[in-house]
Ligand SMILES: [Zn+2]
Ligand SMILES: [Zn+2]
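Residue numbers (the numbering used here): 50 to 394.
Listed below in structure tokens is the structure:
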């Protein structure tokens with residue numbers, strides 16, 4: 050007979066399960082090792098720049114008064130925008146388990162199977178190549194490039210298609226940048242990004258599974274894809290107020306975190322630039338690369354005319370629905386006015 054303590058009611062089961070899924074979805078760069086790397090890089094920048102590498106809440110480079118002011122400046126972390134970041138993140142993380150797992154479990158394998166079938170259709174049966182470390186490295190590089198390519202195009206569409214820009218504006222309404230701004234997205238954006246990543250990984254995995262008859266895994270570094278780890282360590286820095294730049298020649302190949310400062314600026318010369326996540330290759334190819342100067346002024350946010358519509362948590366949650374309503378209204382009234390013009394002519 051089972052002891053009574055092992056019998057779980059359905060509610061307890063649900064709560065336990067959702068807690069496990071929630072824990073699985075805590076972003077990896079909030080792990081202590083990643084935070085330590087971020088802190089170490091920030092300290093190195095403090096020493097190298099002699100306290101001059103940080104930007105203030107207005108996006109201007111300045112001389113910091115001390116280490117704490119350099120790492121955690123009051124004007125940024127006490128800003129209402131930083132507080133809204135936290136609440137948007139909490140909401141996104143609570144809802145994420147409902148779609149993240151489903152999308153990864155459906156879009157990823159479906160794309161992979163489709164690619165294997167497509168390769169067989171085009172080139173015949175798998176050549177069953179033998180994998181070695183070189184191939185594994187190549188595989189992790191291709192996975193990363195596929196991800197970057199898909200990320201670039203989703204991001205590009207989010208900037209250029211008005212109905213999608215209504216969603217992505219929430220990310221750009223951040224008036225200050227903190228590492229949490231990375232996750233400042235409208236809840237609707239999450240499934241789009243997740244489907245995109247699942248598709249890109251499924252695509253590369255399908256091609257390599259065909260080449261190696263299924264026998265390939267990527268080269269890893271600390272349990273993460275080799276290149277994903279190498280290039281992703283600076284991920285948290287993309288939304289940090291400290292300017293982390295690479296030598297100019299390298300910025301033509303890789304997005305330095307400082308290049309994302311311009312992506313968040315509302316100055317016209319910075320609009321729609323630096324769309325990719327990791328490399329500069331696709332921005333260069335499609336004409337959206339912008340390499341900023343040292344201490345380049347990058348006022349963050351959606352711009353003074355509309356910023357008041359994106360100050361609070363609820364404004365940000367409601368914003369896309371409000372924008373879509375307006376779009377629908379103007380479509381309907383546009384149709385009506387063209388109909389009445391036809392009738393009167
Ligand atoms: Zn953007
Ligand atoms: Zn961003």
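Cβ atoms here follow ideal geometry from the backbone N, Cα and C, with glycine treated the same way.
Quick caveat: nothing in here was measured; it's all calculated off a predicted structure.
- The alpha helix (DSSP H) runs of length 4 or more contained entirely in the segment 247-284 are, from start to end of the chain, 275-281.
- The C-alpha of residue 339 lies about 22 Å from the C-alpha of residue 106.
- Assignment of residue 189 by DSSP, reduced to helix, strand and coil, places it in the helix class.
- Taking the C-beta atoms as reference points, residue 137 is found no nearer than 9 Å to residue 91.
- When DSSP states are grouped into helix, strand and coil, residue 157 belongs to the helix group.
- DSSP places residue 336 in the coil class of the three-state scheme, outside both helix and strand.
- Secondary structure at residue 361: coil, using DSSP grouped into helix, strand and coil.
- Its Cα nearest to that of residue 362, the residue 129 stands out among 111, 99, 129, 98.
- Within the DSSP bridge table, the entry for residue 328 names 303 as partners.
- At a Cβ-Cβ threshold of 9 Å, residue 185 and residue 266 count as neighbours.
- Those residues that bring their Cβ nearer than 7 Å to a heavy atom of ligand 1 are 204, 207, 208, 217, 220, 221, 312, 324.
- At a threshold of 8 Å, residue 123 does not count as near ligand 2, since its beta carbon sits no closer than that to any of the ligand's heavy atoms.
- Per the C-alpha coordinates, the member of 169, 274, 327, 163 positioned closest to residue 295 is 327.
- Contact between residue 350 and residue 224 holds: their C-beta atoms lie close to 4 Å from each other, under 8 Å.
- Residue 349 carries a strand assignment under DSSP once its states are collapsed to helix, strand and coil.
- With a cut-off of 8 Å, the C-beta of residue 231 is classified as near ligand 2, since at least one heavy atom of the ligand falls inside that distance.
- By alpha-carbon distance to residue 109, the top candidate from 174, 341, 231 is 341.
- About 25 Å separates the Cβ atoms of residue 276 and residue 177, ruling out a contact at the 8 Å cut-off.
- Of the residues 162, 116, 83, the one whose Cα lies closest to the Cα of residue 97 is 116.
- Comparing C-alpha distances from residue 162 to each of 86, 263, 284, 231 shows the shortest one belongs to 263.
- Residue 247 is positioned such that its CB atom lies no closer than 9 Å to that of residue 191.
- Set against 8 Å, the gap from the CB of residue 287 to the closest heavy atom of ligand 2 is smaller.
- For residue 332, the closest alpha carbon among the candidates 226, 370, 199 is that of 199.
- Check the Cα spacing between residue 168 and each of 368, 365, 285, 256: the tightest is with 256.
- With a minimum length of 4 residues, the unbroken runs of alpha helix (DSSP H) contained wholly in the segment 203-248 fall at 211-221.
- Residue nearest to residue 147 within the set 158, 334, 284, 237 is 237 (criterion: CA-CA distance).
- With contacts defined as CB atoms closer than 9 Å, residue 369 and residue 219 qualify as a contacting pair.
- Within the chosen limit of 8 Å, ligand 2 reaches the beta carbon of residue 309 through at least one heavy atom.
- In the structure shown, the three-state DSSP call for residue 166 is helix.
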